[in-house]
Amino acid sequence: MTKVAIIGAGSTVFTTELVSDILLTPGLDQVRNDPGTFALVDIDPERLELARQMAEWLVKRTGSRWTVEASTDRRKVLSDTDFVINTIEVAGLAN
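For the numbering used here, count along the sequence shown from 1 and bump the result up by 518.
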């Protein structure tokens, strides 16, 4: 099973596009048929929850058997990850 971690997944726009691209990339049919996991990580639990919901919707919409997990603790999900995508914003968001 393939596991893809997205660090900084609270950026729902980036996460949605990444998950879509992975699920819809031609030639990845073998990977799509072997259920994998998207492991979403962010320090903001509310933004992370929205990203998780969007990722689950995309998985369902594409008919994939992938699963989605989300955590604010990156160490919890990184130990058995095959691929890591880092999308953090260094400066942070303006309040």
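Glycine residues also receive a C-beta, built at the ideal position from the N, C-alpha and C atoms.
Nearest Cα to V559 within the set S529, L541, R579: S529. Taking the Cα of F556 as reference, the smallest distance to any Cα among V531, L541, E564, V608 is reached at L541. In the DSSP assignment, F556 is bridged to V522, V586.
One thing to note: T533 has its Cβ within 8 Å of the Cβ of A573. Minimum Cα-Cα distance from V608 among the listed residues P544, I525, R579 corresponds to I525. Under a 10 Å Cβ-count criterion, W584 is classified as buried, with 16 or more other Cβ atoms of the shown protein chains found around its own Cβ. The beta carbon of T605 sits closer than 8 Å to those of I524, I525, G526, A527, S529, F532, T533, L536, all from its chain and outside the five residues before and after it, given in chain order.
Look at V577 here: in three-state DSSP terms it is helix.
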